[in-house]
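Have a look at the structure below, then the notes.
And the structure:
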């Protein structure tokens with residue numbers, strides 16, 4: 001099972017960086033989301049692909065026509081939070097308010113229930129699993145935030161989830177579609193989105209796809225924008241991770257969609273036999 005998803009945010013929504021940290025800074029930057037979304041829509045049309053779009057409430061607020069266009073094309077809309085903040089830097093009350101705000105903006109535009117969520121930066125760690133009960137309380141049925149390996153902005157290796165399963169949240173079952181990992185140079189890393197996808201040569205990605213029974217992708221509009229300006233304040237490592245491979249990302253993804261079958265999250269949910277998947281008990 002290969003799942004195609006996009007995290008819909010602006011090119012300047014870089015996490016953990018002073019010059020792009022909050023809404024107060026975002027007004028300094030130009031809007032590039034329209035031309036970047038055009039590339040995504042064209043790609044999906046050319047490859048006859050379906051995808052799920054995890055959208056920021058902020059994008060829905062500032063650029064509601066982007067959300068309307070996604071919905072009008074028949075693609076599934078999920079939430080990626082409102083203000084793209086790291087979940088573990090928020091209090092439970094702040095997280096809940098942000099989530100409510102995001103869901104409201106998206107549902108007001110589409111008139112459709114938001115069922116699924118992905119945390120910015122996969123920013124759920126063992127000590128902020130209090131996120132999951134809040135998701136359930138807000139009507140979220142599917143989460144795509146679990147990253148069962150170490151990473152800069154999150155990762156909860158102790159959950160040990162690498163394929164679809166249930167999170168048992170106080171007796172309520174939350175469907176989880178985690179990020180998949182692969183052993184690369186002795187470490188559990190991912191290859192299916194963001195800077196990892198841009199860094200690896202296509203031949204390596206193809207090989208990893210062929211030996212992976214489950215793949216959860218995640219791409220951003222900025223991943224296909226080779227002309228975007230340089231964000232100030234990034235370290236050398238962050239500049240490399242954020243800007244390497246932008247020119248070739250779109251043709252790489254197009255080739256991937258031609259060679260491998262992909263589904264959106266709704267279809268993936270249908271294909272999973274939920275009577276047979278494992279359950280992970282979530283303690284908060």
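In UniProt numbering, the protein residues as written are 1 to 284. Backbone N, C-alpha and C fix where the C-beta goes; we use that ideal spot for every residue, glycine too. Just so it is clear, the structure is predicted and the values come from calculations on it, not from any experiment.
**Prompt:** Ordered along the chain, which non-local residues of its own chain (more than five positions away) have a Cβ less than 6 Å from that of residue 201?
**Reply:** none
**Host beta strand (DSSP E) of residue 166 (start-end)** = 165-169
**Request:** Would you kindly work out how many angstroms separate the C-alpha atoms of residue 96 and residue 40, rounded to a whole number?
**Result:** 30 Å
**Item:** Other residues of its chain near residue 241: CB distance less than 6 Å, five sequence neighbours each side excluded
**Value:** 195
**Message:** Do residue 63 and residue 34 have their beta-carbon atoms positioned less than 9 Å apart in this structure?
**Reply:** yes
**Asked** In its own chain, which residues sit with a C-beta less than 6 Å from the C-beta of residue 299, not counting the 5 before and 5 after it?
**Response** Missing from the structure shown is residue 299; the chain here goes from 1 to 284 and no further.
**Request:** Can you tell me which of the three DSSP states residue 373 falls into?
**Result:** Because the chain here runs from 1 to 284, residue 373 falls outside it and cannot be looked at.
**Message:** Run through the DSSP bridge pairs and tell me what residue 216 is partnered with.
**Reply:** Paired residue(s): 3.
**Message:** From the DSSP secondary-structure annotation, give me the bridge partner or partners of residue 54.
**Reply:** 7, 78
**Message:** Can you tell me whether residue 119 is helix, strand or coil according to DSSP?
**Reply:** coil
**Request:** Would you grab the beta carbon distance between residue 206 and residue 249 for me? Rounded to a whole angstrom, and I think it's under 8 Å.
**Result:** Not a contact, Cβ separation roughly 15 Å.
**Item:** Alpha-carbon to alpha-carbon, residue 216 and residue 260
**Value:** 13 Å
**Message:** Let's see if you can read the secondary structure: which residues bound the alpha helix (DSSP H) around residue 226?
**Reply:** No alpha helix (DSSP H) contains residue 226, which DSSP labels as neither H nor E.
**Prompt:** residue 20: buried (16+ other C-beta within 10 angstroms of its C-beta) or exposed?
**Reply:** buried
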